[in-house]
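K.L.:
2 protein chains.
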Amino acid sequence: MVNTLAAAVVSLAEILQASPPADWRFLDPEDTVYLELPSGRVVIELASTYSPKAAAAVRGLVREGYFDGAAVIRSQDNYVVQWGRGEDDAKAKAIASKKLAPEFFRAMDPKLPFTPLAYPDTYAPEVGFSGGFPVARDPKKKQTWLVHCYGSVGVGRDNAADSGNGSELYAVIGQSPRGLDRNITVVGRVVQGIEKLSVIPRGPGPMGFYEKPSEWTPIRSAKLAADVAPAQRLNLEALKTESATFKTVVETRATRKEEWFHEPVGRIGVCNVPLPVRLKP
Amino acid sequence: MVNTLAAAVVSLAEILQASPPADWRFLDPEDTVYLELPSGRVVIELASTYSPKAAAAVRGLVREGYFDGAAVIRSQDNYVVQWGRGEDDAKAKAIASKKLAPEFFRAMDPKLPFTPLAYPDTYAPEVGFSGGFPVARDPKKKQTWLVHCYGSVGVGRDNAADSGNGSELYAVIGQSPRGLDRNITVVGRVVQGIEKLSVIPRGPGPMGFYEKPSEWTPIRSAKLAADVAPAQRLNLEALKTESATFKTVVETRATRKEEWFHEPVGRIGVCNVPLPVRLKP
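Chains as they are written, first to last, in this note's numbering: chain A, 365 to 645; chain B, 365 to 645.
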């Protein structure tokens, strides 16, 4: 019995190491953004399939250098860090009133991949994964949407649904704020370097905003991988959430066979499933 | 319609301000631990009702000065920070083999308060709050337990269930790792200052451990509030999770009426409900 159990125990690293190359996909350089902070690089994958307009807007802003010299202007514990240019900035003022159609959810479409997660979710009738992102669905409303998990990147907005134009972005650094789902456009997720954002000292003002620009963390530059010399790109690949390997990842993380676990759990939440990204071996 | 809606919108701060004093409870000084970091004070409330043995063990270790000069030895992104004395330390070696009966869950008891949360949970048949802590229950197994949310404090252990003796503690700083529920003893939660732990730079080693003691964040001292001169105590009070005010907090955070929200959500997860703690006004 002990041997049987031991034989069944494989670590996440071992599962990934044993995976066929076809279970991985290269990040599209047109959907990959490098944020350069003083502490290093943060890599974001844009969710072009679910949020094409927002992804295009962010891509355009990155290309025109909007985020070069921007800053992290907010860090709220157990919630989000947010970056942009600050409201007094000339470039920010120039774009402040620009509108962008919301992409809080989209129509369900049989052509969209969907790997369901079999366990109940507090916030949605169905949850799972699509093209590398955690998603939810409501078959009655025929809606599907990107859910807010740790590392999700969204488009900050004011009260009007179309007021988020991509010039202020946030990343989740705490408990998944799922109440934001379908209320704001998720435009991607941090696939590497989220810890460079999550350790930024919290802002002392309301909602974690800093009180003085001197407290901001500078963003030296933001570049699309497509616009960076190949030698400076990271050859990142993501595990396909439609692959057999990913299915094994979910199963082994839901039902724990490691000796440490006395209660095997037998379930897992959509924001607790790891979404592996690695440098191509 | 707009006026009706506006009239119904009250902020969390307004709800708390309008609350009667009887809806709050003082933190018991015997259950309140002050961790003094270089960046300031972290306050932990021990969960004496659910984990009496672990709470007593931690209380004893604090009283004997075990954590004075201890350190944060691990910081793993989206998971936990952990503190103790490091395995080479003489005091740590002296206690390393000490056993403590696990308190991963306890028997359900009608005498325990329980404020249920009406929404489905991924991990447990029932979730809610008891005496200020987020909890879960399994009526079939007649078990109840403290759940792992952001800020939960647990008793680190090795593979043996009784190997966690309170000399290494962790606090959750990411997505609620609910797979730990019923696998490890939750002994309390951070009620103030979690952001002093969550911004500690992540450890470069496996599981976020630091590679050198020089990377540790020192814990100058740990004291029970009961052992601190009254003038140096924080007069903290927690909103009773059995109170009418807390019910209003849950309702207003589950169904959002603020103008910003276009989708009112209508539900909330057990780890998304705020558990207000304040200085007595």
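Backbone N, C-alpha and C define an ideal beta-carbon position, used for all residues, glycine too.
Every value quoted in this text rests on a predicted model; they were computed, and no experiment measured them.
#1: Would you say GLN446/A and GLU532/A are within 8 angstroms of each other, going by their C-beta atoms?
#2: With distances taken from CA atoms, which of GLY630/B, ALA608/B, ASN523/B, GLY492/B is nearest GLY543/A?
#3: Hey, VAL436/B and TRP580/B are a contact pair by Cβ (cut 8 angstroms); roughly how many whole angstroms apart?
#4: Span of the alpha helix (DSSP H) holding GLN446/A?
#5: Which whole runs of the beta strand (DSSP E) in the segment 568-614 of chain A are 3 residues long or more, in chain order?
#6: What does DSSP give as the partner residues of GLN556/A in its beta bridges?
#7: For ILE564/B, does the three-state DSSP call read helix, strand or coil?
#8: What residue range does the beta strand (DSSP E) around ARG521/B cover?
#9: Have a look at the DSSP bridge pairing and note the partners of LEU533/A.
#10: Check distances from the C-beta atoms of the segment 473-497 of chain A to those of chain B and list, in chain order, the residues that come in under 8 angstroms.
#11: Give the C-beta separation of VAL519/B and LEU391/B to the nearest angstrom, bearing in mind that I take them to be a contact with Cβ-Cβ under 8 angstroms.
#12: If you follow the alpha helix (DSSP H) that VAL426/B is part of, which residue opens it and which one closes it?
#13: Judging by CA-CA distance, which residue of GLU601/A, THR619/A, THR612/A, LEU639/A is the nearest neighbour of PRO385/A?
#14: Might you give, ordered along the chain, the residues of its own chain that have their beta carbon closer than 6 angstroms to the beta carbon of ASP502/B, omitting 5 neighbours on each side?
#15: Would you call the CB atoms of VAL592/A and ASP545/A closer than 8 angstroms?
#16: State the DSSP-derived secondary structure class of GLY630/B, mapped to helix, strand or coil.
#17: Just by C-beta distance, which residues in the segment 438-465 of chain B are closer than 7 angstroms to chain A?
#18: May I have the straight-line CA-CA distance separating ARG427/B from ARG642/B, to the nearest angstrom?
#19: Run through the DSSP bridge pairs and tell me what ALA500/B is partnered with.
#20: Compute the distance between the beta-carbons of LEU441/B and SER516/A, then report whether it is under 8 angstroms.
#21: Take the Cβ of LEU369/B as the centre, count every other Cβ of all protein chains shown within 10 Å, and call the residue buried at 16 or more, exposed below.
#22: Are the segment 571-580 of chain B and the segment 411-423 of chain B touching, with three or more C-beta to C-beta distances below 8 angstroms?
#23: Closest Cβ-Cβ distance between ALA525/A and chain B: below 8 angstroms?
#24: Could you check if GLU622/A is buried or exposed, using at least 16 other CB atoms within 10 Å of its CB as the buried criterion?
#25: Counting only beta-carbon separations shorter than 8 angstroms, does PRO512/B have a partner in chain A?
#26: How many angstroms separate the CA atom of TRP476/A from the CA atom of PRO416/A?
#27: Taking the alpha helix (DSSP H) that ALA377/A falls in, what are its first and last residues?
#28: Residues in the same chain with beta-carbon distance under 8 angstroms from ASP387/A, minus the five sequence neighbours each way, listed in chain order, please.
#29: What is the rounded straight-line gap between the Cα of SER375/B and the Cα of SER527/B?
#30: Leaving out five residues on either side along the sequence, give the residues of the same chain with a beta carbon under 6 angstroms from the beta carbon of GLY404/A.
#31: With a CB to CB cut of under 6 angstroms and the five nearest residues on each side skipped, what residues in its chain are close to PRO393/A?
#32: Spell out the partners DSSP gives ALA435/A in its beta bridges.
#33: Between GLY424/B and chain A, is there a C-beta pair that is closer than 8 angstroms?
#34: Taking the beta strand (DSSP E) that ARG546/B belongs to, which residues open and close that run?
#35: For a contact defined as C-beta to C-beta under 7 angstroms, what are the partners of ASN547/A on chain C?
#36: Would you identify the three-state DSSP class for ARG620/B, choosing helix, strand or coil?
P.N.:
Straight from the coordinates:
#1: On the first sequence, position 82 is the one that residue 446/A refers to. On the first sequence, position 168 is the one that residue 532/A refers to. Contact flag set, yes.
#2: In the first sequence, the residue the question calls residue 543/A occupies position 179. The shortest C-alpha separation from GLY543/A is found at GLY630/B.
#3: Here the question's residue 436/B lines up with position 72 in the second sequence. Here the question's residue 580/B lines up with position 216 in the second sequence. Yes, they are in contact, since the Cβ atoms of VAL436/B and TRP580/B sit about 6 angstroms apart, within 8 angstroms.
#4: Numbered from 1 along the first sequence, position 82 holds the residue referred to as residue 446/A. Looking at the DSSP string, GLN446/A is not in any alpha helix (DSSP H); the run it does join, the beta strand (DSSP E), is 444-448.
#5: 581-583, 585-588, 600-603
#6: To locate residue 556/A, count along the first sequence from 1; it is residue 192. The partner list for GLN556/A (beta bridge, DSSP) reads VAL407/A.
#7: The residue given as residue 564/B occupies position 200 in the second sequence. DSSP places ILE564/B in coil when its eight states are reduced to three.
#8: Numbered from its first residue, the second sequence carries residue 521/B at position 157. Premise fails: ARG521/B is in no beta strand (DSSP E) and is neither H nor E.
#9: Within the first sequence, residue 533/A is the residue found at index 169, counting from 1. TRP447/A, VAL519/A.
#10: TYR483, PRO484, ASP485, THR486, TYR487
#11: Against the second sequence, residue 519/B aligns to sequence position 155. Against the second sequence, residue 391/B aligns to sequence position 27. That belief does not hold up - the Cβ atoms of VAL519/B and LEU391/B are roughly 20 angstroms apart, past 8 angstroms.
#12: In the second sequence, counting from the first residue as 1, residue 426/B sits at position 62. 416-427 is the span of the alpha helix (DSSP H), which, as asked, contains VAL426/B.
#13: In the first sequence, the residue the question calls residue 385/A occupies position 21. Nearest option by C-alpha distance: GLU601/A.
#14: Within the second sequence, residue 502/B is the residue found at index 138, counting from 1. If we look at ASP502/B and ignore the five residues flanking it on each side, its Cβ neighbours are PRO489.
#15: To locate residue 592/A, count along the first sequence from 1; it is residue 228. To locate residue 545/A, count along the first sequence from 1; it is residue 181. In this structure, ASP545/A does not lie closer than 8 angstroms to VAL592/A by Cβ.
#16: Working through the second sequence from its first residue, we reach residue 630/B at position 266. Reduced to three states, the DSSP call for GLY630/B is coil.
#17: ASP441, ASN442
#18: If you number the second sequence from 1, residue 427/B lands on position 63. If you number the second sequence from 1, residue 642/B lands on position 278. Taking the straight line from one Cα to the other gives about 25 angstroms.
#19: Position 136 of the second sequence, counted from the first residue, corresponds to residue 500/B. Answer is VAL491/B, TRP509/B, bridged to ALA500/B.
#20: The residue given as residue 441/B occupies position 77 in the second sequence. The residue given as residue 516/A occupies position 152 in the first sequence. A quick correction: the sequence has Asp, not Leu, at residue 441/B. Contact flag unset, no.
#21: Counted from its first residue, the second sequence places residue 369/B at position 5. At LEU369/B, the pLDDT of 40 sits below 50, so the modelled position is not reliable and the matter cannot be decided from this model.
#22: no
#23: Taking the first residue of the first sequence as position 1, residue 525/A is located at position 161. So, interface residue.
#24: Here residue 622/A refers to the residue found at position 258 of the first sequence. Looking at its Cβ environment, which holds fewer than 16 other Cβ atoms inside 10 Å, GLU622/A is exposed.
#25: One-based indexing of the second sequence puts residue 512/B at position 148. With the sequence shown as reference, residue 512/B is identified as His, and Pro is not the correct amino acid for it. Output row for HIS512/B: interface = no.
#26: Translated into positions along the first sequence, residue 476/A becomes position 112. Translated into positions along the first sequence, residue 416/A becomes position 52. For the sequence presented, residue 476/A should be read as Leu rather than Trp. Approximately 14 angstroms between the Cα atoms of the pair.
#27: Position 13 of the first sequence holds residue 377/A. ALA377/A -> alpha helix (DSSP H) spans 376-381.
#28: If you number the first sequence from 1, residue 387/A lands on position 23. Excluding positions up to five away in sequence, the list reads LEU603, LYS604, SER607, ALA608, THR609, PHE610.
#29: Along the second sequence, one-based indexing puts residue 375/B at 11. Along the second sequence, one-based indexing puts residue 527/B at 163. Each residue's alpha carbon lies about 44 angstroms from the other.
#30: Walking along the first sequence from the start, residue 404/A turns up at place 40. Here the set comprises LYS560.
#31: The residue you call residue 393/A lines up with position 29 of the first sequence. If we look at PRO393/A and ignore the five residues flanking it on each side, its Cβ neighbours are ALA589, ALA590.
#32: As a position in the first sequence, residue 435/A is number 71, starting the count at 1. GLY448/A, PRO582/A, per the DSSP bridge assignment.
#33: The count along the second sequence starts at 1 and reaches residue 424/B at position 60. No - not a single Cβ of chain A is within 8 angstroms of the one on GLY424/B.
#34: Position 182 of the second sequence, counted from the start, is the residue given in the question as residue 546/B. It is not in any beta strand (DSSP E) - ARG546/B carries neither H nor E in the DSSP assignment.
#35: Checking the listed chains, one finds no chain C in this structure; the protein chains it contains are A and B.
#36: Here the question's residue 620/B lines up with position 256 in the second sequence. The answer is coil: DSSP assigns ARG620/B none of H, G, I, E or B.
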